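Protein chains in written order, with this note's numbering: chain U, 98 to 416; chain D, 990 to 1422.
Yeah, the Cβ is synthetic: ideal placement off N, Cα and C, and Gly gets one too.
Since the model is a prediction, treat every value here as computed from it, not as a measurement.
Everything on this sheet refers to the single structure shown next.
Below is the structure:
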């Protein structure tokens, strides 16, 4: 990776994306055997700086850092000095003064990770773990990793794959990062959502737009269901949960319309019965738990590459 | 003879004539091709003389936010930028919604003695948009307020807006509307469009501005009152105002220098120095604003000078304050976007930045460079190139979006009521007393 940070999928070339995915695969192979933990980042300090609640993403990064033997400091805004008005700048500088070399940041403000990286406040590597409605690059990387595992003939290139992202595109950083990443790998991405949940200007993105899930289902190789926040309903993005589930939920009937080899994805946490039915979430086509496992591997790869690893690791380098 | 009298030699007027200008007893006493007198001479060779600029939209922050700006520091920034009159917006703490507060601001302006400070009164009590402030009391106060605005907030309640427009007719007032439908812009961060969708910043649709402009144009016409539209930013808004004027409706409009030059793609840096209300729009909007200013659809340039302390900008985008400083760069930015592009000539620029704003505000001692007029005038080097440096501004705040940009035309001298308050770009320490 040429950049010292991972802020956006836009920072990555196709070669770099594949480098991360290959590194993750290699790390998976190495840690599959007796050695679960690698000494690579021993003595290095990584901070989880989470201004938004996200237990699963934080745990995933923590697991990734620990498997590389890094020391991990967890910081969550709730109940901390942030709730007393301390700024992002002060918090980050404080943590760096405690020895942080890499800061994993989750923040409700779009651009917070980029701001931290480019403002000159700190010198650390910055990894964006989700910034507002902007991006969540490691989620997109783990999604691509998961798709690749299921379509081995597309190992280096996703051309020919058609991937649907369904639901609240407007507020979704997962959708933005995936649109960039999957398109960069050659896939065709279709956003499927009611018009109220699509951003103004989306027609200029390199994606297809559809308001009709049923028309698209049989064409998709992967369908990614986005979480629907219940507060969207009160803001009149859609009338009722029932109507949303009827039009855009992956219910049991729609499951049958999918291609047999198509996979069902969800970044979690799921609202079972709303955007995805229990039958779909638990079906053999669902890869949702694989996504979770792959998340740790991809994040290991990102930490490894940002903090010193030059290329795909081998056992020799790692021990 | 006053100790401030002088003879300004060899300056060019905006139409191109080379003249000498004599100032005696705060007035322009003579303008002629060749003047000789006993007065001290200021050589203006190669420079232009213009009437002092007039700003209808300035945030001076005092009282209440003196860490961002004071009436004095704002006056210093004003004369640095060639302004001899500014209009202090009402969103101070306390809000300028009573005769007492507007008189305080006016008095602070007089004490500073560097330029005229005309307070703008709030339309509604506390800018809350619920009930009218005592507009008549402010109009009859020492501050003689004629412009009323809730700027920063929109008078969105149509009935309240109607009443305000009607009420100010009795004393020749004007309502300066900040056109922003609040329900269409809850939490909005930047112009709604391709860039906002990519950046994941909540969009601020052009229609939130245009729908209020359309409503208020019709309303002002219906009640036969005067409406002034603050900081127009969209192509659609320009078209609405153009239509209204073609119908003979009594509406005036302003544009800020930054909306004439900057576009929403600057937000891709996530640097909140580019966060402003109303937001930076697209290049298409910028071109429409320039065309509107050139053809007179937009009557005036107003700075919307909005100082903020660094902690309100040295943070993530969503937490940052809206606003940019603009007094010191205004003329240069207008030159860059209008003169250098060939869209406008100097006589028209003077109308838009001095004569017309003085007329709208009723500032009788401003906007004229002629014999008998009060000597509010500036000397400009129209070809000078300079690079904006935020560490060198006179404003107490440094949130300029033009830092590092090289711009054309520089203010050399500013004379306020005949007093030489700015000389070669530096404060002289003199003031009008």
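Beta carbon proximity, residue i to chain U, threshold 9 angstroms
i, result
"residue 1192 of chain D", "yes"
"residue 1185 of chain D", "yes"
"residue 1440 of chain D", "Lying outside 990 to 1422, the shown extent of chain D, residue 1440 of chain D is not represented and no answer is given."
"residue 1354 of chain D", "no"
"residue 1213 of chain D", "no"
"residue 1155 of chain D", "no"
"residue 1178 of chain D", "yes"
"residue 1273 of chain D", "no"
"residue 1300 of chain D", "yes"
Beta-carbon neighbours of residue i, restricted to chain D and to distances below 7 angstroms
i, result
"residue 209 of chain U", "1305"
"residue 230 of chain U", "1189"
"residue 273 of chain U", "1189"
Beta-carbon proximity list for residue i, same chain, < 7 angstroms, skipping 5 on both sides
i, result
"residue 316 of chain U", "259"
"residue 1418 of chain D", "none"
"residue 1008 of chain D", "1000, 1002, 1020, 1021, 1022"
"residue 1254 of chain D", "1184"
"residue 1160 of chain D", "1125, 1128"
"residue 346 of chain U", "371, 372, 373, 374"
"residue 1226 of chain D", "1198, 1199, 1202"
"residue 1413 of chain D", "1401"
"residue 1389 of chain D", "1313, 1314, 1318, 1377, 1379, 1382"
Sequence-distant residues of the same chain with beta carbon closer than 6 angstroms to residue i, five excluded per side
i, result
"residue 374 of chain U", "348, 349"
"residue 191 of chain U", "none"
"residue 1069 of chain D", "1317, 1383"
"residue 414 of chain U", "Bear in mind that a pLDDT of 47 at residue 414 of chain U, under 50, signals an unreliable position, so the number given afterwards is only what the model happens to contain. Same-chain partners within the cutoff: there are none."
"residue 227 of chain U", "203, 233, 270"
"residue 416 of chain U", "Residue placement at residue 416 of chain U is flagged as unreliable, the pLDDT there being 39, under the threshold of 50; the coordinate-derived value follows with that caveat. If we look at residue 416 of chain U and ignore the five residues flanking it on each side, it has no Cβ neighbours."
"residue 323 of chain U", "264, 265, 269"
"residue 1322 of chain D", "1246, 1250"
"residue 193 of chain U", "219, 221"
Interface partners of residue i on chain U, CB under 8 angstroms
i, result
"residue 1386 of chain D", "Under the 8 angstroms cutoff, chain U gives no residues; its nearest Cβ is about 18 angstroms from residue 1386 of chain D."
Contacts of residue i in chain D (Cβ-Cβ under 9 angstroms)
i, result
"residue 298 of chain U", "1181, 1182, 1183, 1184, 1185, 1186, 1187, 1192"
Residue i: contacting residues in chain U (beta-carbon distance under 7 angstroms)
i, result
"residue 1259 of chain D", "208, 211, 212"
"residue 1308 of chain D", "206"
Close-in-space but distant-in-sequence residues of the same chain around residue i (CB under 8 angstroms, 5 per side omitted)
i, result
"residue 1304 of chain D", "1261"
"residue 1325 of chain D", "1250, 1396, 1397"
"residue 1229 of chain D", "1199, 1202, 1203, 1206"
"residue 993 of chain D", "1012, 1015, 1407, 1408, 1409, 1419"
"residue 1287 of chain D", "1221, 1227, 1230, 1242, 1243, 1244, 1278, 1281, 1341"
"residue 1422 of chain D", "1102"
"residue 1093 of chain D", "1052"
C-beta neighbour in chain D for residue i, strict 9 angstroms
i, result
"residue 113 of chain U", "no"
"residue 321 of chain U", "no"
"residue 186 of chain U", "yes"
"residue 215 of chain U", "yes"
"residue 220 of chain U", "no"
"residue 280 of chain U", "no"
"residue 109 of chain U", "no"
Rounded distance between the beta-carbons of residue j and residue i, thought under 8 angstroms
i, j, result
"residue 399 of chain U", "residue 235 of chain U", "6 angstroms"
"residue 1101 of chain D", "residue 1112 of chain D", "Not quite, the Cβ-Cβ distance comes to about 26 angstroms (not below 8 angstroms), so this is no contact."
"residue 225 of chain U", "residue 105 of chain U", "7 angstroms"
"residue 1218 of chain D", "residue 1166 of chain D", "6 angstroms"
"residue 1104 of chain D", "residue 1074 of chain D", "6 angstroms"
"residue 388 of chain U", "residue 243 of chain U", "5 angstroms"
Partner residues on chain D for residue i, Cβ-Cβ distance less than 8 angstroms
i, result
"residue 469 of chain U", "Not covered by the structure: residue 469 of chain U. The range shown for chain U is 98 to 416."
"residue 301 of chain U", "1183"
Chain B within 9 angstroms of residue i, Cβ atoms only
i, result
"residue 1329 of chain D", "Reference to chain B is not applicable here, since the protein chains of this structure are U and D."
Hey, is the segment 1174-1181 of chain D in contact with the segment 1199-1217 of chain D, meaning 3+ C-beta pairs nearer than 8 angstroms? no
Would you check if there are 3 or more beta carbon pairs closer than 8 angstroms linking the segment 1020-1040 of chain D to the segment 1143-1161 of chain D? no
Report yes or no: do three or more beta-carbon pairs, one from the segment 141-152 of chain U and one from the segment 196-213 of chain U, lie closer than 8 angstroms? yes
Counting pairs of Cβ atoms below 8 angstroms between the segment 1354-1361 of chain D and the segment 1028-1047 of chain D, do you hit three or more? yes
Does the segment 1285-1295 of chain D come close enough to the segment 1337-1347 of chain D to have 3 or more Cβ pairs within less than 8 angstroms? yes
Pair every Cβ in the segment 1045-1055 of chain D with every Cβ in the segment 1069-1088 of chain D, then say whether three or more of these pairs are closer than 8 angstroms. yes
Is there contact here, the segment 280-299 of chain U with the segment 386-401 of chain U, by at least three beta-carbon pairs under 8 angstroms? The segment 280-299 of chain U, when compared against the segment 386-401 of chain U, does not touch it at the 8 angstroms Cβ threshold.
Could you tell me whether the segment 124-138 of chain U touches the segment 358-367 of chain U, using the rule of 3 or more Cβ pairs below 8 angstroms? No: the two stretches stay apart, fewer than three of their Cβ pairs being nearer than 8 angstroms.
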